[in-house]
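Worksheet: the structure to be examined is printed underneath.
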Amino acid sequence: MRFPYGLSDFGTLIEGGYWYQDRTDRLADLESTGRQLIFLRPRRFGKSLLLSMLEHYYDLNRAERFEALFGTLAVGRNPTPLRNQYFVLKWDFSLIPAYGEIADIEAAVHQHINDRLRDFERRYRDRLPEPIAIHPDNALSSWESALSLLSQTPHKLYLLIDEYDNFANEVLMADRPGSQDRYQTLLQGEGLFKSVFKAVKAAAGGLGLDRVFITGVSPIALSDMTSGYNVGEDIYLLPRFNDLCGFTESEVAAVLRQLAEKGGDWSADEVLATMRTFYNGYRFSEGASESLYNPTLSLYFLKSLEQQGQYPRRMLDENLAMDRNKLVYIAQLSGGEELLVEALSGEDRVLVPELVQRFGVADVLAAVKDQPFMASLLYFFGILTLAGLTPFDECRLRIPNLVARGLYVERLRERWLPLTDGARERPEAVRALGQHGDLTPLAELIEQRYFRVLSNRDYRWTNELLVKFAFLTLLFDDRLYMAVSELETERGYVDLALIVRPDKRRFEVLDLLLEFKYLSLKELGLSGEQVRERSREALAELAPVVKKLDEAEAQARVYGATLKARYGFRELHAFAVVALGVERLVWRASTL
Numbered sequence: 055m056r057f058p059y060g061l062s063d064f065g066t067l068i069e070g071g072y073w074y075q076d077r078t079d080r081l082a083d084l085e086s087t088g089r090q091l092i093f094l095r096p097r098r099f100g101k102s103l104l105l106s107m108l109e110h111y112y113d114l115n116r117a118e119r120f121e122a123l124f125g126t127l128a129v130g131r132n133p134t135p136l137r138n139q140y141f142v143l144k145w146d147f148s149l150i151p152a153y154g155e156i157a158d159i160e161a162a163v164h165q166h167i168n169d170r171l172r173d174f175e176r177r178y179r180d181r182l183p184e185p186i187a188i189h190p191d192n193a194l195s196s197w198e199s200a201l202s203l204l205s206q207t208p209h210k211l212y213l214l215i216d217e218y219d220n221f222a223n224e225v226l227m228a229d230r231p232g233s234q235d236r237y238q239t240l241l242q243g244e245g246l247f248k249s250v251f252k253a254v255k256a257a258a259g260g261l262g263l264d265r266v267f268i269t270g271v272s273p274i275a276l277s278d279m280t281s282g283y284n285v286g287e288d289i290y291l292l293p294r295f296n297d298l299c300g301f302t303e304s305e306v307a308a309v310l311r312q313l314a315e316k317g318g319d320w321s322a323d324e325v326l327a328t329m330r331t332f333y334n335g336y337r338f339s340e341g342a343s344e345s346l347y348n349p350t351l352s353l354y355f356l357k358s359l360e361q362q363g364q365y366p367r368r369m370l371d372e373n374l375a376m377d378r379n380k381l382v383y384i385a386q387l388s389g390g391e392e393l394l395v396e397a398l399s400g401e402d403r404v405l406v407p408e409l410v411q412r413f414g415v416a417d418v419l420a421a422v423k424d425q426p427f428m429a430s431l432l433y434f435f436g437i438l439t440l441a442g443l444t445p446f447d448e449c450r451l452r453i454p455n456l457v458a459r460g461l462y463v464e465r466l467r468e469r470w471l472p473l474t475d476g477a478r479e480r481p482e483a484v485r486a487l488g489q490h491g492d493l494t495p496l497a498e499l500i501e502q503r504y505f506r507v508l509s510n511r512d513y514r515w516t517n518e519l520l521v522k523f524a525f526l527t528l529l530f531d532d533r534l535y536m537a538v539s540e541l542e543t544e545r546g547y548v549d550l551a552l553i554v555r556p557d558k559r560r561f562e563v564l565d566l567l568l569e570f571k572y573l574s575l576k577e578l579g580l581s582g583e584q585v586r587e588r589s590r591e592a593l594a595e596l597a598p599v600v601k602k603l604d605e606a607e608a609q610a611r612v613y614g615a616t617l618k619a620r621y622g623f624r625e626l627h628a629f630a631v632v633a634l635g636v637e638r639l640v641w642r643a644s645t646l
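Residue numbering for the sequence shown is 55 to 646, as defined by our numbering.
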């Protein structure tokens, strides 16, 4: 079994014998849904492969290869009447640079469209009455020439546009002087991008363009395109297309069973549980009944499992590292950091009345970035996902999985603990806890550096949430652990569990469970100076502290029994931790 990690050409995938999760059964539904469709999904979620499949299916030049390409797939057994009936033209806006002067960007747009038209002419030379007249400085004139020639043939055009919003996303997330001005120039008024989509709309009005399929990540540019292109139908929230890209759990489980039959030092059920923790959880429609696995991350994992017989060393494919920039953008907005904290705290605390589905340039550049705006943007970027509706008909949003959670942790850690402020001490402190069960170095790092930062944030922390975030952001490391906050058990929610990855159990790494409590200085009846002056041992003997330690330890024992049964390990190192204001930490350690 060969996994097509990083491969987005459908023909190469099928003819090369790669594994392909069949989605051709959706073609008839797509055809009946509309002629000009807009489909949004996060980066690296299989959109380009979807477009390539459409290209190979509808291309009239590939009619003779239909059986080889689709014969074993669902649509090959029940093809639609439109198979191999179109000229197919594809534009990929991710290839257009988003930097330079406005004239440079406009020239790059004209160049890209002209290049695609030259390639189109080469592929369909025998079917066109004469060559397309290419106008180097005006691709829209070249477009008009192509349409004129197509009108003289018996076939119509299917236009595929990949990453329509790439330019907008790159410009708005970039920290380059003048980038937002360039965005406004290109998309507002009679800007070039708007003119391009006006030309597409006109072509679909009887000039030979029959169908359009547009993909992108977010709806940032949709409002600005509306007056130029107001005929596109948004299908990305429809339940029946929830899994048009991405894998269901049953599909992943089936692949693992096939791999396991070939032998290997791993359990299919254990691997599925790990993949579920790291890669599952995406839900793009309120009406969807099943969550999805990120396809790129899943293929990254499966390829390592198939070729090396083991998990990848890092569970996050670095090709997705650019998603960190999206969190950087949100975190710097007013209220953005608070939104990240709410999402990371669990309990589905991020609520919006409904998803904001269209963002114009004025909204992104000038309007107030409220929580619905920011949360909706994170949803489209794939860093939040739908978690159902509240009794008041609001959308619940949550972080989909552990990989996405890691991006949040990294962003907040960078903001709260810069490299110049104690970050060099972190690896040794984490090693002391994870290898030897010694909490002291980490506690001292939190007391001396982290509490000062967290206590000065603009929003209000609630009791143990502060201490939990201090530990979570410092301890999160998917290289060794599944670091899970608010892990559900039959008796409640664990504050923080660090479960060793199944493939890392050969190393000297401890499974950890931490339960947190908080005591204000007022409850203690001590000043900050008095708390700082006393030894940790003396503080741990104070009656209010003993009571909190007892509570946390009791919870740890109950939750620990559940975790040991769930994960099958023999020992669990538990810590009942009590924060005394934002001054000191005391704890009680036990082995369960």
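Positions of the beta carbon are idealized from the N, C-alpha and C atoms, including for glycine.
Separation of MET536 and LEU529 (C-alpha to C-alpha, rounded to the nearest whole angstrom) is 10 Å. Looking at the DSSP output, TRP145 bridges to ILE215.
Taking C-beta atoms as the reference points, TYR333 and SER352 count as a pair closer than 8 Å. Contact between the segment 188 to 197 and the segment 123 to 133 is absent: fewer than three C-beta pairs spanning the two stretches fall below 8 Å. LEU276 sits close to ARG412, with the two beta carbons spaced by under 8 Å.
Within the same chain, Cβ atoms closer than 6 Å to the Cβ of GLY88 are found at GLU287, the five residues on either side in sequence being excluded. Here the C-alpha atom of ARG638 lies approximately 24 Å from the C-alpha atom of GLU464. If you look at SER202, you'll find it in the alpha helix (DSSP H) that goes 193 to 204. For LEU263, the enclosing beta strand (DSSP E) stretches over residues 263 to 270. Residue range 349 to 362 is occupied by the alpha helix (DSSP H) that includes SER352.
If you ignore the 5 residues before and after TYR72, its C-beta comes within less than 6 Å of the C-beta of ARG56, PRO58, all in its own chain and listed in chain order. Looking from the CA of VAL250, the closest CA among ASP323, LEU182, GLU224, ASN168 belongs to ASN168. Checking the DSSP bridge columns, you'll see THR645 partnered with HIS627.
Taking ALA594 as the centre and dropping the five residues before and after it, the same chain places the C-beta of VAL640 closer than 6 Å to its C-beta, in chain order.
Of the candidates PHE147, ALA483, PRO151, LYS210, the residue whose Cα lies closest to the Cα of LEU136 is LYS210. Of the candidates GLY363, GLU498, HIS164, the residue whose Cα lies closest to the Cα of GLY317 is GLY363. DSSP places ILE156 in the uninterrupted alpha helix (DSSP H) bounded by 156 to 177. A Cβ-Cβ contact shorter than 8 Å links PHE435 with SER272. Taking C-beta atoms as the reference points, ARG452 and LEU438 count as a pair closer than 8 Å.
Shown here for LEU519: same chain residues with a beta carbon closer than 7 Å to its own, the five before and five after excluded, namely SER399 in chain order.
Restricting attention to alpha helix (DSSP H) runs no shorter than 4 residues, the segment 448 to 522 encloses them at 456 to 470, 480 to 490, 494 to 499, 505 to 508, ordered along the chain. By alpha-carbon distance to GLU583, the top candidate from ALA630, VAL636, ALA524, VAL599 is VAL636.
GLY259 is classed as exposed because its beta carbon has fewer than 16 other beta carbons within 10 Å across all chains shown. The beta carbons of LEU567 and TYR613 sit closer together than 8 Å. CA-CA distance, ALA128 to GLU118, rounds to 18 Å. Taking each of LEU105, TYR462, LEU182, ASP63 in turn and checking the Cα distance to ASN379, the smallest one comes out for TYR462.
Only residues of its own chain outside the window of five on either side were considered, and among them ALA524 have a CB closer than 6 Å to the CB of TYR504, listed in chain order.
Around the beta carbon of HIS627, 16 or more other beta carbons sit within 10 angstroms, so the residue counts as buried. With contacts defined as CB atoms closer than 8 Å, PHE93 and LEU298 qualify as a contacting pair. In this structure, VAL521 sits away from ALA597, with a CB-CB distance that is not shorter than 8 Å.
The beta carbon of ASP83 sits closer than 7 Å to those of ARG294, all from its chain and outside the five residues before and after it, given in chain order. Close CB contacts of ARG506 within its chain, under the 8 Å cut and outside five residues either way in sequence, are with VAL636 (chain order).
The secondary-structure analysis by DSSP pairs VAL406 across a beta bridge with CYS449. In this structure, DSSP gives LYS316 a state outside helix and strand, which the three-state scheme calls coil. Contact annotation: TYR218 and PHE147 have beta-carbon atoms nearer than 8 Å. Excluding five sequence positions before and after ALA257, the CB atoms of its chain that fall closer than 6 Å to its own CB belong to LEU201, LEU263, given in chain order.
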